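Line order of the protein sequences matches chains B and S. Mapping of the first sequence onto the numbering used here: position 138 corresponds to residue 148, and the numbering continues sequentially without gaps. Mapping of the second sequence onto the numbering used here: position 36 corresponds to residue 143, and the numbering continues sequentially without gaps. Heads up, the beta-carbon is just placed ideally off N, CA and C, and yes, glycines get one too. Keep in mind it's a predicted model, so treat the numbers as computed, not measured. Inspection log for the structure reproduced underneath, given as structure tokens.
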Amino acid sequence: MNDDYLWDKTGEADPEIRQLEELLAPLRYQPRPLELPEELPLAPKRNYLPLLAIAATVVIALLAAGVWVRLRNEKVAPAPVQAKSAAPVPGPSVVHEETPTPVIAENRNVPNKPVHRHSSRTSKPGMTKVEREEALAAKQQVMLALRVASEKIKLAQRRTLTPSPNLIKNQHKLG
Amino acid sequence: MYELDATADVLLMTPQANAATQQVKETAVEAVLVGAALEGDREGFGRLYDLYAPLVHGILLARVPRAEVADLVQDIFLHAYRKLHTLRDRAAFGPWIAMIARNRAVDFHRRTRETVELTDDVRGSNTSDSRANEILELIRNLPEAYRETLVLRLVEGMTGPEIAVRTGLTPASVRVNLHRGMKLLREKLRFTEGI
Numbered sequence: 011m012n013d014d015y016l017w018d019k020t021g022e023a024d025p026e027i028r029q030l031e032e033l034l035a036p037l038r039y040q041p042r043p044l045e046l047p048e049e050l051p052l053a054p055k056r057n058y059l060p061l062l063a064i065a066a067t068v069v070i071a072l073l074a075a076g077v078w079v080r081l082r083n084e085k086v087a088p089a090p091v092q093a094k095s096a097a098p099v100p101g102p103s104v105v106h107e108e109t110p111t112p113v114i115a116e117n118r119n120v121p122n123k124p125v126h127r128h129s130s131r132t133s134k135p136g137m138t139k140v141e142r143e144e145a146l147a148a149k150q151q152v153m154l155a156l157r158v159a160s161e162k163i164k165l166a167q168r169r170t171l172t173p174s175p176n177l178i179k180n181q182h183k184l185g
Numbered sequence: 108m109y110e111l112d113a114t115a116d117v118l119l120m121t122p123q124a125n126a127a128t129q130q131v132k133e134t135a136v137e138a139v140l141v142g143a144a145l146e147g148d149r150e151g152f153g154r155l156y157d158l159y160a161p162l163v164h165g166i167l168l169a170r171v172p173r174a175e176v177a178d179l180v181q182d183i184f185l186h187a188y189r190k191l192h193t194l195r196d197r198a199a200f201g202p203w204i205a206m207i208a209r210n211r212a213v214d215f216h217r218r219t220r221e222t223v224e225l226t227d228d229v230r231g232s233n234t235s236d237s238r239a240n241e242i243l244e245l246i247r248n249l250p251e252a253y254r255e256t257l258v259l260r261l262v263e264g265m266t267g268p269e270i271a272v273r274t275g276l277t278p279a280s281v282r283v284n285l286h287r288g289m290k291l292l293r294e295k296l297r298f299t300e301g302i
């Protein structure tokens, strides 16, 4: 079998392929003019309107978001002025009335922080009146917790250093 | 990788270089003609029709009854003219219209019955026509990959490199399809002659 003739009609012609070509020749394409109707619309140019609409929507959404964020910041900004004229710090007597259980839980996070830093935070200009009051209440709770904790530590130290006179050692051996 | 190989073929002017050069020329011509047709040049589209009508005819002949092929070729080119703006790569007009032709053939079979195809094709006006239809029927019974390539080669008279350029298949695939398809066709022809 001559592959070259089958591939690109070069080389020695394969008689079987030649015969097939001759037999199948009547089926070959007979040129016929293309009948394009006159009124056939030309392929439309690309319509950019949907893309423009999408782009405009995105821009409007971004502008709206920007305006909203700005207005929101403006509403928050006057708060520090009010904070400066806030009510005085509530006295410690108020704090003592609160239940001690939640205070112990907060004790873990705060003990290493100096107290004066908390006081400086409470006077931050960005805080509202309510936030300031909450911060002060928290500070009082922390102080109370610290006091409770220190008392407990002192008690524990006392117990370890001075053994109780009533303590019976090696009770199981005696029994 | 393939681009590098193709470039090397062109520079060395190896036998594959002719096919590569031909491909470059044809795709460039295609792109220009598609551009002209998109700007309203009906003659430009007419040139595309002249270039690709044999390809579309061959693809259809491998799939649908012979009597339907001529009208379907016209329909496919009208459809292509309407949808030409959707063609992204102007140089790929050949593979694009080949795909339209294949899809149209599938649609045709969805709408019609196989019996119509047999009665139309087996009946021939004379002995040679009848023999041609018989051989075409044998080719149509080959696996799909081989029948289209064989019809384009044996009926439409295209060479392997031309088939590769116009359908968008690789020359290697076309060569394999031609070789294996021809082998199967010879076996079938011997079998029918033996009977």
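Along chain B, which residues have their Cβ under 7 Å away from the Cβ of S:Tyr-156? Neighbours of S:Tyr-156 in chain B, taken as residues at a C-beta separation under 7 Å, are given in chain order as Leu-44.
Which residues in chain B sit within 7 Å of S:Asp-236, going by Cβ to Cβ distance? Annotation: Cβ neighbours of S:Asp-236 in chain B (cutoff 7 Å, chain order): Pro-36.
B:Tyr-58 classed as buried or exposed, judged by whether at least 16 other C-beta atoms fall within 10 angstroms: Exposed.
Applying the 10 Å Cβ sphere with the 16-neighbour rule, what's the burial state of S:Leu-111? Its pLDDT being 39, under 50, S:Leu-111 is placed unreliably in this model, and the value from its coordinates should be taken loosely. Around the beta carbon of S:Leu-111, a 10 Å sphere encloses fewer than 16 other beta carbons of the protein chains shown; the residue is thus reported as exposed.
Answer with yes or no whether the minimum CB distance from S:Arg-173 to chain B is below 8 Å. Look at S:Arg-173: its C-beta is under 8 Å from a C-beta on chain B.
Helix, strand or coil for B:Glu-45? Go by DSSP, reduced to three states. Here B:Glu-45 sits in coil by DSSP.
The alpha helix (DSSP H) that contains B:Thr-67, what's its start and end? From DSSP, the alpha helix (DSSP H) with B:Thr-67 extends over 59 to 86.
Considering Cα atoms alone, identify which of S:Asp-182, S:Leu-158 and S:Pro-161 is closest to B:Pro-47. Comparing C-alpha distances from B:Pro-47 to each of S:Asp-182, S:Leu-158 and S:Pro-161 shows the shortest one belongs to S:Asp-182.
Return helix, strand or coil for B:Lys-123, following the three-state DSSP convention. Any reading at B:Lys-123 needs caution, since the residue's pLDDT is 48, under 50, leaving its predicted position unreliable; the model's value is listed next. Annotated three-state conformation of B:Lys-123 is coil, per DSSP.
Which bits of chain B does S:His-97 rub up against, with CB to CB less than 7 Å? What is shown of chain S runs 108 to 302, which leaves residue 97 of chain S out entirely.
Does the CB of B:Glu-22 have a neighbour CB from chain S at under 8 Å? Residue-level contact check: B:Glu-22 does not touch chain S, since none of the beta carbons of chain S fall below 8 Å from its beta carbon.
Beta-carbon of S:Leu-285 versus every beta-carbon of chain B: anything under 8 Å? Under the 8 Å criterion on CB atoms, S:Leu-285 is classed as interfacial with respect to chain B.
The alpha helix (DSSP H) spanning S:Met-265 covers which residue range? Here S:Met-265 belongs to no alpha helix (DSSP H), and DSSP marks it neither H nor E.
Min CB distance S:Leu-245 to chain A below 8 Å: Although the question refers to chain A, the structure presented lacks it and instead comprises the protein chains B and S.
At a Cβ threshold of 8 Å, is B:Leu-33 touching chain S? Among the residues facing chain S, B:Leu-33 is included, as its CB has a counterpart in that chain under 8 Å away.
Using the C-alpha atoms, what's the distance from S:Thr-219 back to S:Pro-278? Answer to the nearest angstrom: the Cα atoms are 34 Å apart.
For S:Gly-267, collect the residues of the same chain with a Cβ closer than 8 Å to its Cβ; drop the 5 residues on either side in sequence, then sort them by chain order. The beta carbon of S:Gly-267 sits closer than 8 Å to those of Arg-260, Pro-278, Val-281, Arg-282 and Leu-285, all from its chain and outside the five residues before and after it, given in chain order.
Ordered along the chain, which non-local residues of its own chain (more than five positions away) have a Cβ less than 7 Å from that of S:Leu-167? Within the same chain, S:Leu-167 has close Cβ partners Val-176, Leu-179, Val-180, Ala-208 and Ala-212.
Do the stretch 183 to 196 of chain S and the stretch 60 to 80 of chain B meet, that is, are 3 or more Cβ pairs less than 8 Å apart? In short, these stretches do not touch, since the Cβ pair count stays below three.
Assuming S:Asn-210 is part of the alpha helix (DSSP H), what are its boundary residues? In this chain, the alpha helix (DSSP H) harbouring S:Asn-210 covers 200 to 218.
Between S:Ile-246, S:Val-272, S:Arg-273 and S:Ala-169, which has its C-alpha nearest S:Arg-287's C-alpha? Closest in C-alpha terms to S:Arg-287, from the list S:Ile-246, S:Val-272, S:Arg-273 and S:Ala-169, comes S:Ile-246.
For a cutoff of 8 Å on Cβ pairs, would you count B:Leu-30 as touching chain S? At a cut-off of 8 Å between C-beta atoms, B:Leu-30 counts as an interface residue with respect to chain S.
Taking B:Gln-151 as part of the alpha helix (DSSP H), name the residues at either end of that continuous run. B:Gln-151 -> alpha helix (DSSP H) spans 139 to 171.
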